[in-house]
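Report on the following structure.
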Amino acid sequence: MNLEELIEKVASGKIKLHQVEKYTGDKRIATEIRRKALEKKLGISLENIGHYSLDPEQVIGKNIENMIGVVQIPMGVAGPLKI
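As structure tokens, then:
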């Protein structure tokens, strides 16, 4: 089954979000398929959460289930801090 067929089956509910990895064998590809299936089903863009430097292998199964992306938070420094 190609990626488009898999996305369609996930969007239609024939394949559950948690089952995607069984079909891909790859966490990054499964993440992309889930995200694209939700975009298709909901008629929205989730493109921004698809760009990340986090390694899915380090978090999937530990901190997150059915990963679809990452929200990155801008950070800055205030200072100098005197202690």
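The numbering of the sequence shown is the numbering used here, which starts it at 4 and goes up by one. Ideal Cβ positions, reconstructed from N, Cα and C, are used throughout, including at glycine.
{"Check": "Any chance the stretch 79–86 sits against the stretch 34–41, with 3 or more Cβ pairs inside 8 Å?", "Outcome": "no"}
{"Check": "Is the CB-CB distance between glycine 72 and glycine 53 below 8 Å?", "Outcome": "yes"}
{"Check": "Looking at the structure shown, is isoleucine 71 part of a helix, part of a strand, or coil, going by DSSP?", "Outcome": "coil"}
{"Check": "Cα separation between glutamate 79 and lysine 65?", "Outcome": "According to the sequence provided, residue 79 is glycine. The question's glutamate does not apply to it. Their Cα atoms are separated by approximately 28 Å."}
{"Check": "Would isoleucine 63 and methionine 70 be called neighbours here (beta carbons separated by less than 8 Å)?", "Outcome": "yes"}
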